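A.B. asks: Structure in structure tokens, see below.
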Amino acid sequence: MSSSDPGLWLDLATSDATAARRLLTPPASLPQAAYLAQQAAEKAIKARLIALRIAFPRHGGRGHDLVALTNLVPAGDTARPLFEELSSITPWATAFRYPSDDPATEAHLTAEEIAAKLEQTETAIVRVRGDLGRQQR
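Sequential numbering from 1 applies to the sequence shown in the UniProt record's numbering.
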């Protein structure tokens with residue numbers, strides 16, 4: 001698997017989104033669904049950056065920061081508004097994965113909130129995949 005192939009990143013994003021959607025069905029596992037939704041969004045943004053040949057952080061917290069990743073996408077890019085909508089789920093990468101006394105991670109998500117962001121993520125994946133297909137023609 002080549003980390004320089006945006007199509008592979010989109011395949012992984014789709015897999016994460018599919019798993020997140022399954023985890024929303026009863027008996028739901030909301031923390032895991034939120035985590036996978038964030039991972040899918042992150043991979044979609046990274047796929048776009050790879051397609052545009054824009055370097056992004058691969059290690060440390062900045063590599064999971066959807067705001068920082070979105071800021072690397074050119075302002076006129078058609079997917080950027082979709083990524084901006086998703087940037088609020090950056091905390092889902094860790095918020096529900098570890099015990100914490102941080103008030104920001106004490107909020108309890110609903111299945112509806114996760115499903116709404118997951119739908120936005122799936123829209124972003126489709127957009128990036130469609131644009132990638134047009135670039136390869």
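From the three backbone atoms N, C-alpha and C, an ideal C-beta is built for every residue, glycine too.
Since the model is a prediction, treat every value here as computed from it, not as a measurement.
Helix, strand or coil for Leu109 per DSSP?
C.D. replies: Three-state result, Leu109: coil.
A.B. asks: On the three-state DSSP scale, how would you describe Gly7?
C.D. replies: Correct three-state label for Gly7: helix.
A.B. asks: Evaluate contact between the region 55–73 and the region 10–29, counting only Cβ atoms and requiring at least three cross-stretch pairs below 8 Å.
C.D. replies: With a cut-off of 8 Å, the region 10–29 and the region 55–73 do not count as touching, because too few Cβ pairs lie within range.
A.B. asks: With C-beta atoms as the reference, is Asp5 less than 8 Å away from Ala79?
C.D. replies: Not a contact, by the Cβ cut-off of 8 Å.
A.B. asks: Please report the straight-line C-alpha distance between Leu23 and Ala33, rounded to a whole angstrom.
C.D. replies: Between Leu23 and Ala33, the C-alpha separation is close to 5 Å.
A.B. asks: With 16 as the cutoff for other CB atoms within 10 Å, does Val73 come out buried or exposed?
C.D. replies: So Val73 counts as buried.
A.B. asks: Can you give me the Cβ contacts of Ile89 inside the same chain, cut-off strictly under 7 Å, excluding the 5 residues immediately before and after it?
C.D. replies: If we look at Ile89 and ignore the five residues flanking it on each side, its Cβ neighbours are Ala37, Gln38, Ala41, Leu66, Lys117.
A.B. asks: What first and last residue would you give for the alpha helix (DSSP H) that runs through Thr70?
C.D. replies: Residues 66–72.
A.B. asks: Take Ala95 as the anchor and find which of Pro31, Thr70, Arg127 has the nearest alpha-carbon.
C.D. replies: Answer by Cα proximity: Pro31.
A.B. asks: Apart from the five residues on each side of it in sequence, which residues of its chain come closer than 6 Å, Cβ to Cβ, to Lys43?
C.D. replies: Taken in chain order, the residues that qualify are Trp9, Leu12, Ala13.
A.B. asks: Return the CA-CA distance between Val128 and Thr70, expressed in angstroms with no decimal places.
C.D. replies: Cα-Cα distance, rounded: 13 Å.
A.B. asks: Work out the CA separation of Pro99 and Ile125 for me, nearest whole Å.
C.D. replies: Approximately 31 Å, taken between the alpha carbons.
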